[in-house]
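Chemist: Numbers given in the numbering used here equal positions in the sequence shown, counted from 1, plus 589. Think of the CB as a built atom: it goes at the ideal place given N, C-alpha and C, for glycine as much as any other residue.
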Amino acid sequence: MASAPGKVTLFGEHAVVYGYPAIVASIDKRIYVNAELRDDDKIRINAQDLRTSGVIVSISNGEIQITTDYGKTLSAIGYLNKAIELVSEYLGVRKGVSLEVRSEMPVGAGLGTSAAVSVAAIAAYSTCLGYELSKEEIARLGWEVEKSVQGIASPMDTSIATFGGVLKIWFEGSAVYRVPLKVSDELPLVVAYVERERTTRDMVAWVKNLREKHPEIINGILEHIGKTTLKAEKALAEGDLHEVGTLMNINHGLLEALGVSSRRLNEVVYTARLAGALGSKLTGGGGGGASIALTLPDNLEVLTNVLKLVTPQVFKTNIVYEGVKVSSLAS
590 MASAPGKVTL FGEHAVVYGY PAIVASIDKR IYVNAELRDD DKIRINAQDL RTSGVIVSIS
650 NGEIQITTDY GKTLSAIGYL NKAIELVSEY LGVRKGVSLE VRSEMPVGAG LGTSAAVSVA
710 AIAAYSTCLG YELSKEEIAR LGWEVEKSVQ GIASPMDTSI ATFGGVLKIW FEGSAVYRVP
770 LKVSDELPLV VAYVERERTT RDMVAWVKNL REKHPEIING ILEHIGKTTL KAEKALAEGD
830 LHEVGTLMNI NHGLLEALGV SSRRLNEVVY TARLAGALGS KLTGGGGGGA SIALTLPDNL
890 EVLTNVLKLV TPQVFKTNIV YEGVKVSSLA S
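Written out as structure tokens, the structure is:
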């Protein structure tokens with residue numbers, strides 16, 4: 590069994606795709622992948638809690654067979670299949686495998702579930718094959734999975750799913766730079782999410798097209814997101830939660846200018862501020878999905894209860910420092 594944490598993007602989503610830094614943290618919700626080698630060459634996936642529960646898929650020679658009454662293939666299937674394919678190519682070994690996937694968080698909400706699925710599947714399958722990949726290898730293969738499925742992706746989500754903690758991340762070409770950050774105070778965060786109207790892939794493509802049409806404007810917005818992230822790094826190190834909150838609000842405004850928020854998501858973000866949040870913003874790709882709100886500890890329960898009036902999908906979360914981990918299950 591392998592597991593990997595979800596994440597919240599504190600600062601810098603979308604801009605990170607274009608070389609600017611982002612700050613991302615792993616949270617106390619995980620995705621678990623159990624892997625067991627088979628006697629045939631099939632990939633069998635039992636996906637639990639991934640948007641639709643109990644979907645079983647068999648893949649053989651590129652042919653997908655869905656043994657379920659549900660009519661829609663899960664988005665997570667593409668990441669799992671690509672993870673197995675790339676690990677097999679990388680190691681030069683391919684064997685059939687049964688995968689069982691379970692999630693403690695909503696899929697497709699902007700909490701890094703596709704990265705966590707990819708990273709956990711890579712770690713579980715490679716271990717079954719008898720290989721112990723380094724975290725650098727797992728993170729790189731995970732990034733390749735996301736790029737293959739989404740068309741364009743940053744290494745941010747797969748890095749935090751692999752290494753855990755709080756990281757400042759940026760990349761230049763194929764080189765990925767990660768700096769672990771020390772946060773002087775706890776960050777009392779509340780996550781609230783609404784239904785996604787568009788996927789991360791859609792949102793990444795949207796920004797890409799917008800940048801091609803209006804490069805002088807969009808490049809300026811991306812640059813300011815990068816500057817906001819650098820200021821936030823300093824505020825986090827100093828434990829200045831009020832400044833962190835202010836910068837979160839600025840970051841959200843810049844993301845709104847890119848067109849990656851939504852009416853429902855904005856409703857949650859602005860309700861959080863009215864309920865005493867120091868700062869609130871979307872987190873992840875946008876197009877609906879998750880928001881995060883930062884508050885002082887004595888306001889945590891009030892903020893949580895108020896947000897539940899806007900959407901039932903609300904939970905408090907903690908930053909954790911453990912990334913992907915693997916353990917053997919008794920047969």
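Do three or more CB pairs link the region 694 to 710 to the region 732 to 752 at distances below 8 Å?
Modeler: yes
Chemist: Nearest to M792 by alpha carbon, out of L599, A713, H603 and Y782?
Modeler: Indexing the sequence shown from 1 puts residue 792 at position 203. For M792, the nearest C-alpha among the options comes from H603.
Chemist: Indicate whether H831 and K870 have their beta-carbon atoms separated by less than 8 Å.
Modeler: One-based indexing of the sequence shown puts residue 831 at position 242. One-based indexing of the sequence shown puts residue 870 at position 281. No, the Cβ-Cβ distance between H831 and K870 is not below 8 Å.
Chemist: Does the separation of the CB atoms of A866 and L599 fall below 8 Å?
Modeler: The count along the sequence shown starts at 1 and reaches residue 866 at position 277. The count along the sequence shown starts at 1 and reaches residue 599 at position 10. Cβ distance not < 8 Å, so A866 and L599 don't count as in contact.
Chemist: For the putative contact between S687 and R627, defined by C-beta atoms under 8 Å, what is the C-beta separation to the nearest angstrom?
Modeler: Locating residue 687 in the sequence shown gives position 98, where the first residue counts as 1. Locating residue 627 in the sequence shown gives position 38, where the first residue counts as 1. The pair is a contact, with the Cβ atoms about 6 Å apart (cut-off 8 Å).
Chemist: Per DSSP, E689 is paired with what?
Modeler: Against the sequence shown, residue 689 aligns to sequence position 100. Partner(s): N623 and N635.
Chemist: Measure how close the beta-carbons of K631 and S615 come, nearest whole angstrom, since I'm counting them as under 8 Å.
Modeler: Locating residue 631 in the sequence shown gives position 42, counting from the first residue. Locating residue 615 in the sequence shown gives position 26, counting from the first residue. Contact doesn't hold; Cβ gap of about 33 Å is too wide.
Chemist: Helix, strand or coil for G660 per DSSP?
Modeler: Here residue 660 refers to the residue found at position 71 when the sequence shown is read from its first residue. With a pLDDT of only 33 at G660, under the threshold of 50, the placement of this residue in the model should not be trusted; the figure read from the coordinates follows. Three-state result, G660: coil.
Chemist: Mapping DSSP to helix, strand and coil, what is Y668?
Modeler: On the sequence shown, residue 668 is found 79 positions in, with the first residue counted as 1. Helix.
Chemist: Does the beta-carbon of I806 have 16 or more other beta-carbons within 10 angstroms, so that it is buried, or is it exposed?
Modeler: Here the question's residue 806 lines up with position 217 in the sequence shown. Burial call: exposed.
Chemist: Since A611 and T788 should fall inside the 8 Å C-beta cutoff, what is the C-beta to C-beta distance between them, to a whole number of angstroms?
Modeler: For the purposes of this step, residue 611 is identified with residue 22 of the sequence shown, where counting begins at 1. For the purposes of this step, residue 788 is identified with residue 199 of the sequence shown, where counting begins at 1. With a Cβ gap of about 19 Å, A611 and T788 do not count as contacting.
Chemist: What is the DSSP secondary structure of Y766, reduced to helix, strand or coil?
Modeler: The count along the sequence shown starts at 1 and reaches residue 766 at position 177. Strand, per DSSP.
Chemist: What does a CB cutoff of less than 6 Å around V796 pick up in its chain, not counting 5 residues either side in sequence?
Modeler: As a position in the sequence shown, residue 796 is number 207, starting the count at 1. H603 and L847, listed in sequence order.
Chemist: V779 and I908 - do their beta-carbons sit closer together than 8 Å?
Modeler: As a working mapping, residue 908 is identified with position 319 in the sequence shown. As a working mapping, residue 779 is identified with position 190 in the sequence shown. No, these two residues do not count as a Cβ contact at 8 Å.
Chemist: In three-state terms, what does DSSP make of E775?
Modeler: Stepping through the sequence shown from its first residue, residue 775 is reached at position 186. Coil at E775, not helix or strand.
Chemist: How far does the alpha helix (DSSP H) with I908 in it extend, from its first residue to its last?
Modeler: Mapped onto the sequence shown, residue 908 falls at position 319. Neither: I908 is in no alpha helix (DSSP H) and is coded neither H nor E.
Chemist: Does DSSP put A593 in a helix, in a strand, or in coil?
Modeler: Here residue 593 is taken as the residue at index 4 of the sequence shown, counted from 1. If DSSP states are grouped into helix, strand and coil, A593 belongs with the strands.
Chemist: Let's test the definition: count the other Cβ atoms within 10 Å of the Cβ of N798 and tell me whether it reaches 16, buried, or not, exposed.
Modeler: Within the sequence shown, the letter at position 209 stands for residue 798. Result: exposed.
Chemist: Check T702 in the structure and name its three-state DSSP category.
Modeler: Numbered from its first residue, the sequence shown carries residue 702 at position 113. T702 falls in the helix class under three-state DSSP.
Chemist: Ends of the beta strand (DSSP E) at K588?
Modeler: In the structure as shown, the chain begins at 590 and stops at 920. Residue 588 is therefore absent and cannot be evaluated.
Chemist: Distance check for N838 and D914, CA to CA, integer angstroms please.
Modeler: Your numbering for residue 914 matches position 325 in the sequence shown. Your numbering for residue 838 matches position 249 in the sequence shown. Sequence check: residue 914 is Lys here, not Asp. Distance between the alpha carbons of K914 and N838: 34 Å.
Chemist: Here's the rule: buried if 16 or more other CB atoms are within 10 angstroms of the residue's CB, otherwise exposed. What is L918?
Modeler: Position 329 of the sequence shown, counted from the start, is the residue given in the question as residue 918. It counts as exposed.
Chemist: Please look up how many angstroms separate the CB atoms of V895 and V857, rounded, as I've assumed it's under 8 Å.
Modeler: Within the sequence shown, the letter at position 306 stands for residue 895. Within the sequence shown, the letter at position 268 stands for residue 857. Between V857 and V895 the Cβ distance is about 10 Å, and since that is not below 8 Å, they are no contact.
Chemist: Which stretch, first to last residue, makes up the alpha helix (DSSP H) that contains G878?
Modeler: Along the sequence shown, one-based indexing puts residue 878 at 289. Per DSSP, G878 belongs to no alpha helix (DSSP H); it is in the beta strand (DSSP E), G878 to L883.
Chemist: Since L898 is in the beta strand (DSSP E), which residue starts that stretch and which ends it?
Modeler: Along the sequence shown, one-based indexing puts residue 898 at 309. Looking at the DSSP string, L898 is not in any beta strand (DSSP E), and its letter there is neither H nor E.
Chemist: Any beta-carbon of chain D closer than 8 Å to the one on H841?
Modeler: Of the protein chains in this structure there is only one, and it is not chain D.
Chemist: Assuming K724 is part of the alpha helix (DSSP H), what are its boundary residues?
Modeler: As a position in the sequence shown, residue 724 is number 135, starting the count at 1. For K724, the uninterrupted alpha helix (DSSP H) segment begins and ends at K724 to Q739.
Chemist: Measuring alpha carbon to alpha carbon, tell me which of P695, I711, Y668 and I634 ends up nearest S677.
Modeler: Along the sequence shown, one-based indexing puts residue 677 at 88. Nearest to S677 by C-alpha distance, out of P695, I711, Y668 and I634, is I711.
Chemist: Going by beta carbon distance, what residues of the same chain come within less than 8 Å of G667, once the five residues before and after it are set aside?
Modeler: As a first step, residue 667 must be located in the sequence shown, where it is residue number 78. Correct list, in chain order: V738.
Chemist: Which partner residues does T598 have in the DSSP bridge list?
Modeler: In the sequence shown, the residue the question calls residue 598 occupies position 9. According to DSSP, which records beta bridges pairwise, T598 is partnered with V613.
Chemist: So is Y659 buried or exposed if we call it buried at 16+ other beta carbons inside 10 Å?
Modeler: Working through the sequence shown from its first residue, we reach residue 659 at position 70. The pLDDT assigned to Y659 is 40, lower than 50, so where the model puts this residue is not dependable; a value taken from the coordinates is nonetheless given after this. It counts as exposed.
Chemist: Tell me the DSSP secondary structure of K820 in three-state form.
Modeler: Counting from 1 along the sequence shown, the entry for residue 820 is found at position 231. Looking at K820 - three-state DSSP - the assignment turns out to be helix.
Chemist: If you draw a straight line from the alpha carbon of S916 to that of L883, how long is it in whole angstroms?
Modeler: In the sequence shown, residue 916 corresponds to position 327, counting from 1. In the sequence shown, residue 883 corresponds to position 294, counting from 1. Between S916 and L883, the C-alpha separation is close to 34 Å.
Chemist: Tell me, please, which residues DSSP counts as bridged to G868.
Modeler: Position 279 of the sequence shown, counting from 1, holds the residue named residue 868. In the DSSP output, where bridge partners are listed per residue, G868 has L883.
Chemist: Using a threshold of 8 Å, state whether the C-beta atoms of L669 and L718 are closer than that.
Modeler: Here the question's residue 669 lines up with position 80 in the sequence shown. Here the question's residue 718 lines up with position 129 in the sequence shown. Not a contact, by the Cβ cut-off of 8 Å.
Chemist: With a cut-off of 8 Å on the beta carbons, I'd call I814 and G601 a contact; round off their distance for me.
Modeler: On the sequence shown, residue 814 is found 225 positions in, with the first residue counted as 1. On the sequence shown, residue 601 is found 12 positions in, with the first residue counted as 1. Rounded, the Cβ-Cβ distance is 6 Å, consistent with contact.
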